[in-house]
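Protein sequences, first through last, are from chains A and B. Residue numbers for the first sequence follow my numbering, so the first one is 31 and each next one is one higher. Residue numbers for the second sequence follow my numbering, so the first one is 31 and each next one is one higher. Structure record follows, encoded as structure tokens.
2 protein chains.
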Amino acid sequence: MTATTPGARDLAHPTRGEIRLEAVLHALSDPMRLRLVCELAATGEELPCSAVELPITKSTTTHHYRVLRESGVVRQCYRGTAKMTSLRRDDLETLFPGLLASVLGAAHRQEERAGDGRAQL
Amino acid sequence: MTATTPGARDLAHPTRGEIRLEAVLHALSDPMRLRLVCELAATGEELPCSAVELPITKSTTTHHYRVLRESGVVRQCYRGTAKMTSLRRDDLETLFPGLLASVLGAAHRQEERAGDGRAQL
Numbered sequence: 031m032t033a034t035t036p037g038a039r040d041l042a043h044p045t046r047g048e049i050r051l052e053a054v055l056h057a058l059s060d061p062m063r064l065r066l067v068c069e070l071a072a073t074g075e076e077l078p079c080s081a082v083e084l085p086i087t088k089s090t091t092t093h094h095y096r097v098l099r100e101s102g103v104v105r106q107c108y109r110g111t112a113k114m115t116s117l118r119r120d121d122l123e124t125l126f127p128g129l130l131a132s133v134l135g136a137a138h139r140q141e142e143r144a145g146d147g148r149a150q151l
Numbered sequence: 031m032t033a034t035t036p037g038a039r040d041l042a043h044p045t046r047g048e049i050r051l052e053a054v055l056h057a058l059s060d061p062m063r064l065r066l067v068c069e070l071a072a073t074g075e076e077l078p079c080s081a082v083e084l085p086i087t088k089s090t091t092t093h094h095y096r097v098l099r100e101s102g103v104v105r106q107c108y109r110g111t112a113k114m115t116s117l118r119r120d121d122l123e124t125l126f127p128g129l130l131a132s133v134l135g136a137a138h139r140q141e142e143r144a145g146d147g148r149a150q151l
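Right, here's the structure in full:
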């Protein structure tokens with residue numbers, strides 16, 4: 031286990047086989063969590079929790095990361111004192127082909143429409 | 031309005047522009063609601079609420095249909111005394127191309143895996 035989860039220090043993750051579609055959709059159904067996932071997808075690498083600025087408290091941010099982790103959307107591990115987060119793209123793509131891409135695309139389109147709306151004001 | 035929503039009798043629906051991705055994902059994140067959506071997609075036409083048998087009470091089923099309707103996933107209308115439900119495929123496809131198909135595909139795959147798991151017992 032140590033080899034596959036270095037420094038995991040008590041962070042619970044579902045195995046690939048334990049990931050449930052309903053939990054993934056629930057994790058993605060919150061605006062803040064969706065934003066975190068979009069950022070992680072855009073950078074394509076692991077990020078410290080502090081890398082994405084959200085208009086919410088630190089403890090609420092931690093809660094959102096936990097929901098994402100426990101549903102199987104992200105993987106988290108400690109590197110020194112930093113908790114790093116990355117998308118479980120391969121697991122999600124294997125289980126639910128095309129799902130993450132369509133959600134990310136939908137989020138992007140929605141944001142664009144919101145931008146157009148503001149531009150017309 | 032009467033021409034486009036015959037017999038709508040107080041059933042609130044978001045317009046296409048009001049449909050939010052987060053609400054759609056939340057609506058799809060419940061196993062019973064996901065099953066209703068899969069059935070509606072499989073038949074491809076409107077169904078009375080009683081058409082899909084679920085292991086829950088009638089009032090809970092009504093609640094799930096309401097969540098699906100208020101999020102913009104389904105449209106409901108009365109025909110006589112029957113409340114008929116249909117998927118808002120066109121609206122969802124226009125707003126979020128490929129999203130519904132990928133969720134339906136993921137649900138199907140998950141069900142197949144569950145079936146394989148049972149077969150191996």
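Think of the CB as a built atom: it goes at the ideal place given N, C-alpha and C, for glycine as much as any other residue.
Legend entry - Any chain B beta carbon closer than 9 Å to A:Arg96: no
Legend entry - Bridge partners - B:Pro78, DSSP secondary structure assignment: B:Met114
Inset, instruction - Return the residue from the list B:Ala137, B:Asp121, B:Leu129 and B:Ala57 that minimises the CA-CA distance to B:Thr45. - result: B:Asp121
Legend entry - Below-9 Å beta-carbon distance, B:His56 vs any chain A residue: yes
Inset, instruction - Compute the beta-carbon to beta-carbon distance between B:Leu64 and B:Leu58, rounded to the nearest angstrom, for a pair I have assumed lies under 8 Å. - result: 6 Å
Inset, instruction - Would you list the residues sitting across from A:Cys107 in a DSSP beta bridge? - result: A:Met114
Legend entry - Under the three-state DSSP convention, the category A:Leu134 falls into: helix
Inset, instruction - Could you name the residues of the segment 122–139 of chain A whose beta carbon sits closer than 9 Å to any beta carbon of chain B, in the order they occur along the chain? - result: Leu125, Phe126, Pro127, Gly128, Leu129, Leu130, Ala131, Ser132, Val133, Gly135, Ala136, Ala137 and Arg139
Legend entry - chain D within 9 Å of A:Glu52, Cβ atoms only: No chain D is part of this structure, whose protein chains are labelled A and B.
Legend entry - Within-9 Å CB hit, B:Leu64 to chain A: yes
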